[in-house]
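In this note's numbering, the protein residues as written are 1 to 926. Worksheet: the structure to be examined is printed underneath.
Next up, the structure:
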């Protein structure tokens with residue numbers, strides 16, 4: 001029996017020949033569709049998402065080698081498969097495309113401007129890029145009006161032009177970043193007051209859960225001097241998701257757009273109001289309430305279907321009965337992690353990946369080669385560099401590089417550089433010189449053309465650093481000896497970045513600058529000299545080294561057509577070209593590492609979700625040369641977040657640890673009302689229960705934390721613990737100081753006294769009211785079970801979803817969740833949380849109905865009293881499994897608590913000496 005049309009509305013599709021083909025009626029129902037995302041174990045590396053289904057292969061339609069089949073030649077390896085169901089509302093799905101409405105005089109906003117966009121981007125922050133949301137801005141022609149964008153640091157930018165050209169552009173940037181909500185959906189608003197009454201203009205930013213508000217101010221008002229206006233450039237359309245004629249540094253929006261508005265004046269007349277939430281699936285466009293006609297371009301579509309799975313089919317195993325009357329294909333599709341985990345080569349060094357993308361690159365030689373006399377250049381049409389007297393791949397101590405060559409007693413290098421289109425140049429490389437010679441020694445020489453200057457040199461000695469330019473006869477035209485002691489000592493003994501570049505300073509003068517930067521500490525120095533003549537261009541970079549430079553290591557030689565700045569500043573030419581890659585991006589945050597890898601590996605479709613910006617993800621150690629999945633695994637281990645596969649496209653999403661804190665439930669299930677199907681069975685095993693944790697920074701020191709107290713503490717069982725459960729891990733950490741706090745957090749997770757629930761079943765076909773919530777559920781979200789049975793202990797049960805399984809059938813749909821406790825992620829918030837008592841006990845027994853509890857503090861400060869702090873009441877305490885609400889406290893010691901009993905459904909008597917604690921004490925977040 002094939003899958004029939006049902007109220008479920010499930011659809012299975014294959015992408016064949018570039019188009020999605022509906023194969024739902026070929027899905028056999030004798031086996032259910034089984035979809036699995038994530039893994040049920042906390043802290044484990046994610047398994048590839050999977051989808052198993054059975055296809056009817058009558059007539060060999062799904063046999064790849066059947067030349068008579070309708071899909072012959074299309075059933076290759078890794079054919080995309082998606083499983084979807086109808087959604088409650090539609091949206092504009094952008095994946096590099098955009099929606100636009102043509103220019104119209106009615107779109108003009110010469111006065112105040114009010115822009116609103118309700119979006120769910122795949123990632124609110126994009127590494128190193130600007131993400132346009134809505135704009136009348138032609139990046140190609142320069143005919144510009146306004147644009148609203150998210151910047152690389154999560155702040156919001158409103159830019160506008162009063163002249164209609166880029167020359168008249170002004171902008172304002174929010175003073176606070178956007179912290180995307182748990183599901184990523186948020187409405188952003190930017191209001192421009194062109195005349196604030198004080199001789200200037202003001203931009204206010206705000207956010208809301210939806211277009212209707214309520215609005216929350218984002219940062220402080222941004223006030224600029226001078227009144228302004230907003231141009232309406234002719235022929236420039238209003239675009240959502242990109243800019244017309246887009247070029248770097250902007251990139252198109254990827255994600256969902258729900259609604260947008262452009263208003264003439266603050267809260268004024270609506271000029272455009274596309275609402276994508278009530279359209280048919282696959283609609284080609286729409287006409288909004290203001291009469292604007294919106295069309296879709298590129299990878300943009302109107303979708304009204306939620307994906308349960310998107311993956312790839314790598315194999316088409318044909319099966320049939322002996323007589324051939326029954327034929328089928330058992331399809332096993334998988335997410336992108338399956339393919340990523342199959343023997344991919346390690347990523348190249350961070351320098352090797354970074355330098356080729358730098359602006360103005362003419363030639364680049366990584367010099368990471370082994371066993372050759374010519375060092376390869378990845379730059380097109382650039383010849384290898386000829387070398388002699390070098391020990392290749394001899395020094396592996398630079399974090400941002402593969403092993404580099406080291407110089408012998410006599411060594412040479414000649415690197416020919418293609419001709420530049422215009423004068424001006426910049427040469428840069430990394431090096432480590434063991435020590436300085438007492439004799440002035442040449443470190444680097446650049447041969448030039450098109451100028452009276454024919455060579456530029458950097459010399460070094462214990463007495464100083466010399467930068468020198470020479471003419472055609474070899475005589476110096478100019479030189480400068482730099483003798484600052486700290487700068488001289490910094491030139492040797494450490495890994496440095498050396499830059500030699502020219503600057504046109506006017507009046508026929510050129511400045512030659514040598515700049516070096518300590519890669520580890522960031523210390524910067526420079527020496528400059530001026531000469532009469534033009535900047536010229538680079539012909540070659542040469543090294544002729546003797547015994548004074550023996551043992552020097554060097555590499556990543558780059559030549560650029562970008563000259564220095566007029567003041568000789570190192571800020572642009574000497575720092576940002578290599579942009580931290582020389583140190584392997586050491587100490588960058590886990591989120592930044594994920595986002596940078598996503599920018600470098602766009603085929604991966606990797607996104608990140610961060611928290612509310614009140615916490616920072618952990619700093620990472622240097623990025624080594626490893627497979628991508630290994631590097632992502634390092635992020636997960638260090639930061640404690642979750643890596644999962646996305647459901648609506650081939651890709652990955654990283655949720656940093658802060659997104660797990662203090663969540664609002666995404667799905668609420670009432671056990672007593674039958675919303676949880678049996679069995680609901682807690683697991684009380686000792687898996688992943690360390691109470692003695694040692695964390696070591698890779699290449700650094702260690703930190704150890706032992707939790708002895710509590711039911712899962714390291715004390716022996718006869719003393720109330722469970723004995724020692726040891727864990728020792730080595731992590732990629734930015735500093736040694738991170739080791740102990742991370743060890744404490746891991747021990748905190750291991751000793752938390754709650755059960756995990758590997759199986760939480762929901763029969764969605766019997767509870768259709770839960771389907772909208774279930775479709776929004778993602779790995780890492782919080783599920784709450786209210787009114788649980790007595791066998792689980794008192795509720796509610798707050799759980800973190802680690803695994804999501806869907807099992808749709810023709811007339812049934814079962815959702816199964818694998819969960820771990822959410823309690824350890826309920827962390828303190830300054831000004832909102834309470835610190836627990838150091839020790840409090842009952843001084844006398846109380847009955848099950850007593851509303852006054854006599855207590856005494858055994859350690860620490862007494863409890864606050866309701867007379868002194870009335871606003872701090874009520875709050876909840878726990879004793880012997882019962883939770884009670886404290887409405888008042890009197891006395892100083894002993895004290896009396898007035899309580900409301902059985903808040904969690906547990907009511908019983910308690911003996912004298914029973915411990916009283918806060919029911920929800922503050923937990924210090926990592």
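Every residue gets a Cβ at the ideal spot worked out from N, C-alpha and C, and that includes glycine.
Asked                                                                                                                                     : Found
Cβ separation of residue 835 and residue 922, assumed to be a contact under 8 angstroms, to the nearest whole Å                           : 5 angstroms
Three-way DSSP call (helix, strand, coil) for residue 230 in this model                                                                   : coil
Residue 247, DSSP secondary structure in three states                                                                                     : Legend: pLDDT at residue 247 = 49, less than 50; position of this residue unreliable, value from coordinates given subsequently. In the structure shown, residue 247 sits in coil (DSSP, three-state: anything other than H, G, I, E or B).
Validate contact between the region 41 to 51 and the region 824 to 842 using beta carbons, cut 8 angstroms, 3 pairs                       : no
Per DSSP, cross-strand counterpart(s) of residue 137                                                                                      : 144
Distance between residue 110 and residue 252 (C-alpha atoms, nearest Å)                                                                   : 27 angstroms
First through last residue of the beta strand (DSSP E) which encompasses residue 83                                                       : 79 to 95
Burial state of residue 519, where buried means 16 or more other Cβ atoms lie within 10 Å                                                 : buried
Pick from 327, 278 and 559 that is closest to residue 424, judged by C-alpha positions                                                    : 559
Residues near residue 999 in its chain [Cβ-Cβ closer than 6 angstroms; skip 5 each side]                                                  : With the chain represented from 1 up to 926, any question about residue 999 goes unanswered, as that position is not in the structure.
Option nearest residue 927 by Cα separation, candidates 160, 68 and 236                                                                   : No answer is possible for residue 927: the residues shown for the chain start at 1 and end at 926.
Inter-residue spacing [alpha-carbon to alpha-carbon] between residue 259 and residue 146                                                  : 18 angstroms
Nonlocal neighbours in the same chain, by C-beta distance under 6 angstroms from residue 722, ignoring five residues either side          : 712
Meets three-Cβ-pair contact criterion under 8 angstroms: the region 285 to 294 and the region 269 to 277                                  : yes
Bridge partner(s) assigned by DSSP for residue 757                                                                                        : 819
Span separating the alpha-carbon of residue 54 from that of residue 764                                                                   : 22 angstroms
Contact between the region 76 to 92 and the region 182 to 200 (3+ Cβ pairs under 8 angstroms)                                             : no
Opening and closing residue of the beta strand (DSSP E) in which residue 838 lies                                                         : Careful: residue 838 lies outside any beta strand (DSSP E) and carries neither H nor E.
Cα-Cα separation, residue 418 to residue 429                                                                                              : 18 angstroms
Cα-Cα separation, residue 930 to residue 590                                                                                              : The structure shown does not extend to residue 930, since the chain spans only 1 to 926, so no value can be given for it.
DSSP bridge partner residues for residue 592 (one or two, in chain order)                                                                 : Paired residue(s): none; residue 592 is not in a bridge.
Whether residue 208 touches residue 175 by CB criterion (8 angstroms)                                                                     : no
Close Cβ partners of residue 911 (< 8 angstroms) along its chain, the five nearest in sequence each way excluded                          : 842 and 845
Residues of its chain near residue 904, where Cβ-Cβ distance is below 6 angstroms and the 5 sequence neighbours each way are ignored      : 794 and 883
Counterpart residues of residue 161 in DSSP-defined beta bridges                                                                          : 169
For residue 789, three-class secondary structure by DSSP                                                                                  : coil
Beta-carbon separation (whole angstroms), residue 294 vs residue 100, contact threshold 8 angstroms                                       : 7 angstroms
Alpha-carbon to alpha-carbon, residue 534 and residue 504                                                                                 : 7 angstroms
Own chain, CB closer than 6 angstroms to residue 529, minus 5 neighbours either side, in chain order                                      : 467, 478, 479, 480 and 512
Enclosing alpha helix (DSSP H) for residue 630 [first to last residue]                                                                    : 628 to 639
Beta-carbon contacts of residue 899 that lie in its chain and below 8 angstroms, excluding the five residues immediately before and after : 851, 852, 853, 877, 884, 885, 886 and 887
Residue 849 versus residue 718 - alpha carbon distance                                                                                    : 33 angstroms
Inter-residue Cα distance where the pair is residue 613 and residue 645                                                                   : At residue 613 the pLDDT is 46, less than 50, meaning the model places this residue with poor confidence; the figure from the coordinates comes in the next sentence. Distance between the alpha carbons of residue 613 and residue 645 is about 24 angstroms.
Rounded straight-line distance, which links the Cα of residue 581 to that of residue 527                                                  : 24 angstroms
Residues of its chain near residue 23, where Cβ-Cβ distance is below 8 angstroms and the 5 sequence neighbours each way are ignored       : 12, 13, 14 and 55
Chain-order list of residues whose beta-carbon lies under 6 angstroms from that of residue 571 (same chain, five-residue window excluded) : Note that residue 571 has pLDDT 35, beneath the 50 cutoff, so the model's placement of it is unreliable and no number is given.
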